[in-house]
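According to the UniProt record's numbering, the sequence shown is numbered sequentially starting from 1.
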Amino acid sequence: MSNRGTEIPKPPGWPIIGNALEVSNQGYVKRLAAQYGSIFKVSLGTGTPDRIIISSVELLNEICDEKRFAKNPTAGGLAQVRNLTGDGLFTALDGEENWGLAHRTLMPVLGPVAIGDMFDDMHEIASQMVLKWARQEEGAKITATEDFTRLTLDTLALCTMDTRFNSFYSETSHAFVTAMNSFLLESGNRAVRPSLVTDYIYTKRTQQYAKDMELMQDIAKRVIARRRAAPIRKRDLVDAMIHECDPKTGKHLPEDNIIKNMITFLIAGHETTSGLLSFLLYCLVTHPDIVKKAREEVSAVVGKGPLSSSMTSKLPYVTAVIRETLRLYPTAPAFTVQLRNDLAENPVLIGKEQYKIRKGESLIASLSLIHRDRAVYGDDAETFRPERMLDEHFNKLPRNSWKPFGNGARGCIGRAFAMQESTIVAALLLQNFDFELFDPNYTLEVKKTLTVKPKDFNVRARLRDGLTPGTLQRRLLGGLSSTRRTNLIEERTSMTIKNIQRYDLKDLLICYGSNAGTCQTLAHVLSRNSSSHGFRAQVLPMDNAMELVSTEIPIVIITASYEGEPPDNAVKFVKWIGHLTESPFAGCHHAVFGCGNRDWADTFQKIPSIVDDTFKRCGSSPLVVRGVSDATDNNIFNEFDRWADQSLWPALAKVYHIEVREDTVSEIALDIIQNTRATVLLQGGGQAMVQEARVLTAPSEPQKNHLKVRLPLGMAYESGDRLAILPVNLDARVKDVMTRFGLAVDARVANSEKCEQSVYTYLREYVELSQIATEKNVHAIVQSMPEGSDQKELMTMSPNTIITQKMSVLDILQKFPSAALPFTDYIAMLPPLHARQYSISSSPLAGADTCTLTFTVLGTKSVGNPCAVYLGAGSNYLASLRPNDRLWVSVRPAPRAFHLPEDPSTPIVMICAGSGLAPFMGFIQERMKMMEQGVLVGPAMLFVGCRHPERDLLYESDLQTWVKKDVIDVKYAFSRAPERSDGCRYVQDRLWKDRDLVIPLFKRAGKLFVCGDTKVLDGVGKAVVKTYAARKGVSMEEAQAWFKASTLTVERHFEIFD
């Protein structure tokens, strides 16, 4: 072997530095290829091994043989990048163990199904860029390459790390990008500089190099720390690195390797794609004929509506445009291989056994030359012609002739990610803009670090087809007009799981009035069952149903009362029917179901009663007696099921002559709510951003958290109001469901239009997994079980046991593994996810564009699986949020009586326990701001109950500051340390002890506020009655009568629904 092979040609070089000055110039390498052929060497100076460069598909095909060659970055730019990323996926040496661990661990979360589930997040970030361009002054310069860098960084961070860098909200580049660009540039320079020059001449650059690496490592460490601390897991790349183990060895990734791989993805995952998109836009701007063809395809598939995930696979010409861009302008312009360390043969011959390659020598595949090989791509290899990349031609290309993503096992693990992201961006740009060069005389110049991008590439963008930024925004969000968004709050896609034998369905209107979400959930439960009873239901908030009452369509109204007032989305409806005269509803049929709480005896079922009585007064015929439920029984869903099954459906069948045949199978549908995060809260809602998040209690105590958010533009609130948020279910809980039913993590369902939805995403984001099982649910589970002891045990289980232990359907299925309930029946039992409300703990006077929340993080053990712990969806979702995270919010006004008195001189007494302090922090903060402005404010007393003064005393420093400034007088009760609170264990004890301080405030027409659960309310009520009886010298019965007749403002938190 040693006597065979010829020397590889090599150009002459300078003493000491060889060809180092010229080799970074692509034109120089191209000239060498023209002079020496498809293989040649270059010298980078004394003490540095020569590099072998190849420039033909024929030779590339040989070195892509993974039995002989492997990626082994011991030299060149990647060897310098190893200073930061070490044995990460991109820069690991051949044979390093951690590469295999990481590759096997991460492949599932970067597979095709997982990438498909990232569509929404990719589309959101792309929409940010598109809207930014749309809002630019017409003709303004768009720095395309910079914005594509923002886009790809934010997309990668959100999709793979659940982190928001919010680059489009800053005029300057993110600190990571600045450090990365500096680092990559210097890594490239170090690769072609003799080490002595770097060490002794470029000392300042070396110092900056170290600072850049430290900054990127710090950012990665912060993200990892946040994710480790988060109680809710999101299935993505960082989660897999932290929690998953290698399926082959069972090992977890070491901490330092997690950091290296995070940085690897942040660099390699966004820098190359931003370059691709930049070159893509350049190619489109300079080839109007290609734009015309691509736009025709986008118009045919997407039209003037929103882009959906199913459409991206229907754009073959756009895909060809992306492939052709990568052919001409591969943004990772080369990759390097060496002979495998374990290869027995050394040296080997390549190029028809003409050239000798030895171990340790680096072969650089110059893709920018290889991809223009005329032997493969013909005489027009230098021409941008996407047709050659259509599937029918692309699949016939010679092996290894198109390699923008590298080779084999060491190829880019994020290829599918980059292709989907690029397709989304290309489709949106083609659909919505016309482009032209900002400088008509611009000539492409390539800027090179370790990747390449167009230098100084700027464009002008003009919206197409009469679009405005506003109409474009609606298109991006789903294509509904503002009016239609208001009237159709939930646009649902019925995803059929079973085929049914259909018959003519009659229309049914279901309306709900709901603040906490319970009545809304009941409305959707009723709607889901409607088709099996012969009806096609439409679900609307009551305020959107005005003028829709008809003799042709029966109406079912499900509503609650809030201290005798209608819910926020039923105010207009109740006012409207209150002004009706004569009999406008003659010939109509209606039914009303009321939710309420008997703790408010005077207003229990007030609004449902008003609605039912008014409909009857206006001539409508009641289908059934009004349904009644009581939240104190925790049995609303059972009561609703009984009312619907035993009364409502039979009555509707009788009045409308519905005959449901025995052979009819009920339709079971997944109600996929489009744009759920936005849509459910669109009644005055929008997207907020977290500014601050912290834990307020000691580790040994039930956790209480503080969250500060920046509200959407124009969203206003008053002290005492609430903030509604829409959570997601815990990943662990979703995994329990998938495991119980034997479903793979990538299981999907499709509707009749073949639009797919991940089952995992559906369970996580759209339904209530912890809803208490109803008697109807239990009966269905019993029917699915074989005869035996399990079935008997479940049949004899008391409904009270299920309610008091808060057993969900999943809990029961885990407790009774013999149950064979079909998955489709299970999901039909799950009500839609609803918004949670939390009292705002700040005043707008302290900052009108921000508000804070103070909340308890709820956690209980699973009854069905005692070893598992599942947590309240709402509070744990909030607890998982970190600064810069986004969430959809809506301000929900408190009842009128639960606001500060209009006269600031009115005394107030506030009583609370635990996180019930929240609204009163806003009250006190507001009075503090008033005092600072010179307003005379009345005295205020705050009674606070908690467990221990050193473990869960909330906002102690703030409260003491306000005490010193005479804004408030604070009295504590410590249940675990009563000796520290004058012997008072609970707030009612403290109220009784300090009654002499409180009574004078009430004599001055002071106002009493209470925030807490039923126990707090009952205890405070008894203390007030006892005080009144003692002071007035009357009996307890007389004092009780006085208490009921007096005005008592009470704020209640229904955390049971969390």
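The beta-carbon is built from N, C-alpha and C at its ideal position, and this holds for glycine as well. Everything numeric in this text was worked out from a predicted model, so none of it was measured.
Residue i lies in the alpha helix (DSSP H); which residues open and close that run?
i      : result
ASN635 : Unbroken run through ASN635: none, as it is neither H nor E.
THR272 : 255–285
TRP99  : 97–106
ASP50  : It is not in any alpha helix (DSSP H) - ASP50 carries neither H nor E in the DSSP assignment.
THR796 : 789–796
SER890 : Element bounds for SER890: not the alpha helix (DSSP H) but the beta strand (DSSP E), 886–892.
LEU476 : 469–477
ALA461 : Careful: ALA461 lies outside any alpha helix (DSSP H), inside the beta strand (DSSP E) at 459–463.
Roughly how many whole angstroms lie between the Cα atoms of residue i and residue j?
i      : j      : result
HIS834 : PHE384 : 51 angstroms
GLY922 : ASP117 : 40 angstroms
VAL298 : GLN431 : 6 angstroms
CYS946 : THR163 : 35 angstroms
MET785 : ALA747 : 25 angstroms
PRO883 : ASN189 : 36 angstroms
THR91  : ARG764 : 36 angstroms
GLY578 : PRO799 : 40 angstroms
TYR169 : GLY742 : 43 angstroms
TRP402 : ALA820 : 51 angstroms
VAL728 : THR761 : 10 angstroms
VAL967 : ARG927 : 7 angstroms
LYS447 : TYR329 : 12 angstroms
Who are the near neighbours of residue i in its chain, counting only those whose CB is closer than 6 angstroms to its CB and skipping five residues on each side?
i            : result
ILE17        : GLY45
LEU284       : VAL291
ASP612       : VAL592 and ARG626
VAL223       : MET161 and THR163
GLY916       : CYS1011 and GLY1012
residue 1059 : Lying outside 1 to 1058, the shown extent of the chain, residue 1059 is not represented and no answer is given.
I'd like the span of the beta strand (DSSP E) that includes residue i, first residue to last.
i      : result
TYR355 : 355–357
ASN705 : 704–710
PRO454 : 452–454
ASP969 : 969–974
ASP434 : 433–437
MET807 : Run containing MET807: none; DSSP gives neither H nor E here.
MET910 : 908–913
MET941 : 940–946
Going by CA-CA distance only, name the one from the options that's closest to residue i.
i       : options                            : result
GLY100  : THR518, ALA294, MET795 and ILE413  : ILE413
ILE357  : ALA365, PRO347 and ILE364          : PRO347
ILE125  : THR105, MET107, THR149 and GLY408  : THR149
SER362  : ILE52, THR804, VAL944 and LEU942   : ILE52
GLY37   : PRO11, ASN25 and LEU21             : PRO11
ASP50   : PHE457, LEU184, PHE69 and PRO9     : PRO9
ALA698  : ILE911, GLU950 and ALA940          : GLU950
SER278  : ASP289, LYS293, LEU151 and LEU548  : LEU151
VAL891  : HIS252, LEU696, VAL737 and SER839  : SER839
ALA1005 : VAL967, PRO904, LEU276 and MET1036 : PRO904
SER875  : HIS706, ALA973, GLY983 and GLY1021 : HIS706
LEU472  : LEU307, ARG327, PRO566 and SER770  : LEU307
VAL998  : MET262, ARG228, MET910 and PHE741  : MET910
THR336  : GLU58, GLU255 and PHE69            : PHE69
LEU185  : ASP120, ILE201, GLN80 and ALA240   : GLN80
ILE636  : TYR766, ALA773 and GLU445          : ALA773
LEU954  : GLY47, ARG694, LEU505 and GLU58    : ARG694
By Cβ distance, which residues of its chain are closer than 7 angstroms to residue i, with the 5 residues on each side in sequence left out?
i      : result
ARG710 : ALA688, MET689, GLN691, ASP849 and THR850
GLU244 : THR105
ARG995 : THR1027
Return yes when at least one heavy atom of the ligand GTP lies under 7 angstroms from the C-beta of residue i, else no.
i      : result
ALA416 : The model depicted lacks the ligand GTP and carries no ligand whatsoever.
Using beta carbons (cut-off 8 angstroms, strictly below), is residue i in contact with chain C?
i      : result
LEU463 : No chain C appears in this structure, which consists of one protein chain only.
Whose C-beta lies closer than 8 angstroms to the C-beta of residue i among residues of the same chain, with five residues either side of it excluded?
i      : result
GLN217 : LEU84, ILE259 and ILE263
Runs of alpha helix (DSSP H) lying entirely within the UniProt domain "Flavodoxin-like" (508–648), each at least 4 residues, in chain order: 518–530, 571–578, 606–617 and 636–643
Would you list, in sequence order, the uninterrupted beta strand (DSSP E) runs of no fewer than 3 residues that lie entirely inside the stretch 1004–1035? 1007–1012
Which runs of the alpha helix (DSSP H) at least 4 residues long sit entirely within the stretch 196–234? Give them in chain order. 203–229
For the stretch 333–375, list the beta strand (DSSP E) runs that are entirely contained and at least 3 residues long, ordered along the chain. 334–339, 348–350, 355–357 and 362–366
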